[in-house]
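Residue numbers (the working numbering), protein chains in the order written: chain A, 628 to 911; chain B, 102 to 424. Think of the CB as a built atom: it goes at the ideal place given N, C-alpha and C, for glycine as much as any other residue. A short worksheet on the structure shown next.
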């Protein structure tokens, strides 16, 4: 029973990892750079949810609002700053986004203090579900269902809509998209905001589960990297499979070997890289 | 080539730095820390500037060196020179492993992998606290002694580190000047072509990683003896990030740039962190500014200043180009 509990926890965690990784992947696909500020957007999403619920907002209002604010902030950063660096070598992409991550993290400490805090589960989902011997928190079940619906929506958005086609076209050849009359600058801004918004949403959803603290961004970033490395960059299915795998491994390990739980996801990554350098579902 | 970039000029600048630091700094500990990080950052530069590999994993090797010194010196009484050599060997071995696995992917994947590996080693140090002391680290790491006198006075340990630093820097200069170093440059410029000529490029990259890892671990061991502790923070992701930031701020076109980068970062940290605990905010802004306006780093500024004074006829700087 404890394992079922941990597997469910792992699935919930894994879906959050998936959201993080898919945002990173979408940004990379179109803009061709790794966003080291991705973890900071996750942090921002979590803290904004914390802030808004402290101000008396309902969680159901705070979560989308936090997500939108993160997406807006990210789009603004892209429009003001990032478009200047696309033509530079990737060292400088990393430098700028690492710098941004530091700025966001320190601003969060200035705004909300260094100690962190907890976010209560939303009203209506504070109880547990009881099925015979099995007891599970309602909010966690909700995140699993909600992120599953979201994953479906995302898949449809990227594979089945015009927007998705534009994003995929842009990642193949920005020049051709420009020739077809698309404003690639605006597409870049929208996609960066969208990807960062996904990280913000992951943070907002995670806040009632793990609370908020100023250094949650750095860990989220490295977990997102692990998921992308295991799944293969640019692969939606890869991100989903790897996210779930990492989440479940981490969760189940907390019962078997609590101190080593987080170590195991990195050991897993090292094994995958040693055996299949392209990742589980990566293309060449 | 700018005369300042010549190997002897670089060595002269390093010797000058070692001689000048005690005149300007009152804290021997800070001065020693600058030298330790200068050598570690130069080792990072061997990868970034000379091989074109952006490694987010330098903290791994720094931490390995720190723990090697911490464990050897607190549990057994092994002579310090042996400990330093052992730390360097262990660093080279770890770097070979990490390099071998990371180099299987190129470009941004490589960067992401090195960062993920630095988390792997951090959690390893955290998990096996029986060996590493976990959160508390290993306390009471002794300083080396010479002729029966322990180098507890800050400036005497500074001298010890300074000799190591100049020697290591000279080795790094020789490495970059050698055929091996030239081949690394060829790989940086055009890996496909270097491979086509017949160079085993992956092997060269792994060797560069091993050298870099050895020097970084050596620095880590010196650092543990400096502060008397082998702390968990030395193997953290932040250490990797800090070393990389120092490298890029200093400028990756010359090894001495790394000395500037380490000095700039540590002096900035020392001055600002006492005034304002949130000084990392300013560091973040500095990073963005360097990336946008100062892509050759502080060393680029020095070169430009030199040209302005001595070589008015020289053509303006060529901008950084896409690799």
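Inset, instruction - Pick out whichever of A/729, A/722 and A/840 has its Cα sitting closest to the Cα of residue 346 of chain B. - result: A/722
Legend entry - Best match in B/302, B/300, B/398 and B/138 for proximity to residue 318 of chain B [C-alpha to C-alpha]: B/138
Inset, instruction - Give the straight-line distance between the Cα atoms of residue 424 of chain B and residue 193 of chain B, rounded to the nearest whole angstrom. - result: Only weak support is given to the placement of residue 424 of chain B: the predicted model assigns it a pLDDT of 48, under 50, and the question is left unresolved by the model.
Inset, instruction - Taking residue 893 of chain A as the query, report the chain B residues whose CB atoms sit under 8 Å from its CB, ordered along the chain. - result: 217, 218, 220, 221 and 224
Inset, instruction - Using the Cα positions of residue 142 of chain B and residue 650 of chain A, report the straight-line distance between them to the nearest angstrom. - result: Rounded to whole angstroms, residue 142 of chain B to residue 650 of chain A spans 32 Å at the Cα level.
Inset, instruction - Verify whether the separation of the beta carbon atoms of residue 367 of chain B and residue 351 of chain B is less than 8 Å. - result: no
Legend entry - beta strand (DSSP E) runs wholly inside the stretch 102–127 of chain B, at least 3 long, in chain order: none
Inset, instruction - May I ask which residues mark the beginning and end of the alpha helix (DSSP H) holding residue 691 of chain A? - result: Looking at the DSSP string, the run of the alpha helix (DSSP H) that includes residue 691 of chain A is 686–707.
Inset, instruction - For residue 678 of chain A, count neighbouring Cβ atoms within 10 angstroms of its own Cβ and tell me buried if that reaches 16, exposed if not. - result: buried
Inset, instruction - Report yes if the C-beta distance between residue 863 of chain A and residue 758 of chain A is below 8 Å; otherwise report no. - result: no
Legend entry - For residue 155 of chain B, the first and last residue of its enclosing beta strand (DSSP E): Per DSSP, residue 155 of chain B belongs to no beta strand (DSSP E) and is neither H nor E.
Inset, instruction - State the beta-bridge partners of residue 250 of chain B as determined by DSSP. - result: B/247
Inset, instruction - Hey, could you find the ends of the alpha helix (DSSP H) residue 669 of chain A is sitting in? - result: 665–681
Inset, instruction - Flag this pair as yes or no: are the beta carbons of residue 675 of chain A and residue 693 of chain A separated by less than 8 Å? - result: yes
Legend entry - Beta carbon proximity, residue 657 of chain A to chain B, threshold 8 Å: no
Inset, instruction - Inspect the beta-carbon positions of residue 823 of chain A and residue 666 of chain A and report whether they are closer than 8 Å. - result: no
Inset, instruction - Could you name the residues of the same chain whose beta carbon sits closer than 7 Å to that of residue 399 of chain B, not counting the 5 residues immediately before and after it, in chain order? - result: 350, 351, 352, 358, 361, 362 and 365
Inset, instruction - To the nearest angstrom, report how far apart residue 639 of chain A and residue 377 of chain B are at their CA atoms. - result: 39 Å
Inset, instruction - Identify the continuous beta strand (DSSP E) that holds residue 758 of chain A and give its terminal residues. - result: 755–758
Legend entry - Start-end ranges of the beta strand (DSSP E) lying completely within the stretch 339–377 of chain B, minimum 3 residues: none
Inset, instruction - With 8 Å as the threshold, decide whether the Cβ of residue 643 of chain A is near any Cβ in chain B. - result: Residue 643 of chain A does not count as touching chain B.
Inset, instruction - Going by DSSP, name the residue or residues bridged to residue 764 of chain A. - result: A/755
Inset, instruction - Select from B/322, B/228, B/221 and B/274 the residue whose C-alpha is nearest the C-alpha of residue 884 of chain A. - result: B/228
Inset, instruction - Report the rounded CA-to-CA distance for residue 202 of chain B versus residue 155 of chain B, giving the unit in angstroms. - result: Between residue 202 of chain B and residue 155 of chain B, the C-alpha separation is close to 15 Å.
Inset, instruction - Per DSSP, which residues does residue 830 of chain A bridge with? Please list them. - result: According to DSSP, residue 830 of chain A bridges with nothing at all.
Inset, instruction - Ignore the nearest five residues each way along the sequence and tell me which others in residue 276 of chain B's own chain have a CB closer than 8 Å to its CB. - result: 147, 282 and 312
Inset, instruction - Establish whether the CB of residue 738 of chain A and some CB of chain B are separated by less than 8 Å. - result: Nearest CB-CB separation between residue 738 of chain A and chain B: not below the 8 Å threshold.
Inset, instruction - Find the nearest neighbour of residue 396 of chain B within the set A/670, A/669, A/716 and A/659, judged by alpha-carbon distance. - result: Comparing alpha-carbon positions, the option among A/670, A/669, A/716 and A/659 lying closest to residue 396 of chain B turns out to be A/716.
Legend entry - Contact set for residue 115 of chain B: own chain, Cβ-Cβ below 7 Å, skip 5 residues either direction: 267, 270, 357 and 360
Legend entry - Where residue 331 of chain B falls: helix, strand or coil (DSSP): strand
Legend entry - C-beta contact flag for residue 709 of chain A and residue 819 of chain A at 8 Å: yes
Inset, instruction - Give the single residue among B/243, B/108, B/135 and B/369 whose Cα lies nearest to the Cα of residue 120 of chain B. - result: Selection B/243, B/108, B/135 and B/369 evaluated against residue 120 of chain B yields B/135 as nearest (Cα-Cα).
Inset, instruction - Return no unless some Cβ of chain A is closer than 8 Å to the Cβ of residue 392 of chain B. - result: Judged by the 8 Å Cβ criterion, residue 392 of chain B is in contact with chain A.
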